[in-house]
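Start counting the sequence shown at -11; every next residue gets the next number (the numbering used here). Below is one structure, written out as structure tokens; comments come after it.
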Amino acid sequence: MAVSGAVKGARETGARGPDADAEAVCPYRLVIEHVTSRWGVLILIELLDRPHRFSELRRAVSGYGRAVSEKMLTQTLQTLERDGMVNRDAQPVIPPRVDYSLTGLGREAAEQVRALTLWTEKRMDAVEEAREAYDTRRGADAS
């Protein structure tokens, strides 16, 4: 789609918010950013196995080495929900219960992300070798 057509499409659909201009120019870029963000990747992978409550999802995502704040987890979940990747199921009980799960679209994206993650794990030795070779070359260039 041409840029002018994308801008027109975003205006017609009422795209709003801080990402509205970027979404108007290239809507695909924003979806890729959301799915591959630091927390988006981990949320999608965790939800592949089963639905999670907010607190257990926070613990699971934080188990990868960096703790995610409640605010950041909330924002990321809302973004993924808006993009049609995550379903939020709020139960009208006391205390409140909210479960998060993947939609069909989210499951499809999560499977792709997991495949990339598995490839990364499998090829990490080659990546490390490439990094070392690069650093060695750069060190020699600096001398």
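Glycine included, C-beta positions come from ideal geometry on N, C-alpha and C.
Just the C-alpha distance for leucine 93 and methionine 73, rounded to the nearest angstrom, thanks. C-alpha separation (whole angstroms): 6 Å.
According to DSSP, is isoleucine 20 part of a helix, a strand, or is it coil? If DSSP states are grouped into helix, strand and coil, isoleucine 20 belongs with the helices.
Among Gln66, Gly51, Arg46 and Thr67, which has the Cα closest to the Cα of serine 57? Nearest Cα to serine 57 within the set Gln66, Gly51, Arg46 and Thr67: Arg46.
Following the continuous alpha helix (DSSP H) through serine 50, name the residue where it begins and the one where it ends. Run containing serine 50: 42 to 50, per the alpha helix (DSSP H) assignment.
Closest by C-alpha distance to tyrosine 16, when choosing among Val29, Asp71, Arg54 and Leu104: The shortest Cα separation from tyrosine 16 among Val29, Asp71, Arg54 and Leu104 belongs to Asp71.
Look at histidine 40 and tyrosine 88 and say whether their C-beta atoms are less than 8 Å apart. With respect to tyrosine 88, histidine 40 sits close: the two C-beta atoms are nearer than 8 Å.
Report the rounded CA-to-CA distance for alanine 128 versus alanine 121, giving the unit in angstroms. Distance between the alpha carbons of alanine 128 and alanine 121: 11 Å.
Stretch pair the segment 99 to 114 + the segment 51 to 68: three plus CB contacts closer than 8 Å: Contact between the segment 99 to 114 and the segment 51 to 68 is absent, because fewer than three Cβ pairs lie under 8 Å.
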